[in-house]
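Here the structure is laid out as structure tokens; the discussion comes afterwards.
In the working numbering, the protein residues as written are 9 to 227.
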């Protein structure tokens, strides 16, 4: 097997593992088969689950960043400046994924203390939640820049990707979540929407790996 093809596939698998790892971390925080109240669920999970979820952010971010090796190869035909913009913005988003997830430890810990001491969960988690939401704000302009350059280069044929990858780029699934939110209920809503941002990256890296599976790349 061509070495470049081997690494293309391997990087894609790492990206998928990153998404699955952080999705599992999400579920460790707040999955409960008997309740869909995220705050209450976090307040009742074990210490071990909170710790494991927090640790998952490190491994998931590492896997995600290794997955970017696939994007680097796919954008080799693009102008170097644009390729660097795509890589830096994508990497920034993936790091932010890990940071935001790690910040959830503060929310979960606050919720747990509220439950243990009969405090108001909403008030107890307010500051940690505000911090988390503030961190998320940094992601929107970065995602906008990434979307513009990624989609335009794929559309112009300046990458190794076929144009159909556009449908699996995170922008479209991100928009679709608002439609799904109108129909999903119960545990399905908790699982799918609760870990949605990671699931759309699993979908993207899976599609990316399929698209590049047999691509020949110049060294």
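Glycine included, C-beta positions come from ideal geometry on N, C-alpha and C. Note that the structure is a prediction, hence the values are computed from the model and not measured.
Taking the C-alpha atoms as reference points, what is the distance between residue i and residue j?
i: residue 95; j: residue 163; result: 18 Å
i: residue 109; j: residue 75; result: 18 Å
i: residue 114; j: residue 165; result: 44 Å
i: residue 172; j: residue 97; result: 22 Å
i: residue 217; j: residue 62; result: 28 Å
i: residue 169; j: residue 84; result: 11 Å
i: residue 12; j: residue 57; result: 38 Å
i: residue 44; j: residue 104; result: 26 Å
i: residue 178; j: residue 128; result: 36 Å
i: residue 79; j: residue 212; result: 11 Å
i: residue 143; j: residue 100; result: 12 Å
i: residue 26; j: residue 223; result: 23 Å
For the alpha helix (DSSP H) containing residue i, list its first residue and its last residue.
i: residue 149; result: 147 to 163
i: residue 72; result: 55 to 82
i: residue 49; result: 46 to 52
i: residue 215; result: 204 to 219
i: residue 254; result: Past the edges of the chain, shown from 9 to 227, lies residue 254, and the structure says nothing about it.
i: residue 105; result: 88 to 124
i: residue 85; result: Element bounds for residue 85: n/a, residue is neither H nor E.
i: residue 188; result: 179 to 188
Applying the criterion that 16 or more other CB atoms from any shown protein chain within 10 Å of the CB defines a buried residue, is residue i buried or exposed?
i: residue 206; result: buried
i: residue 133; result: buried
i: residue 189; result: exposed
i: residue 53; result: buried
i: residue 38; result: buried
i: residue 145; result: exposed
i: residue 126; result: exposed
i: residue 120; result: buried
i: residue 49; result: buried
i: residue 161; result: buried
i: residue 93; result: buried
i: residue 175; result: exposed
Using a Cβ distance threshold of 8 Å, determine whether the region 193 to 208 contacts the region 172 to 185, with at least three qualifying pairs required.
Output reads yes: the region 172 to 185 touches the region 193 to 208.
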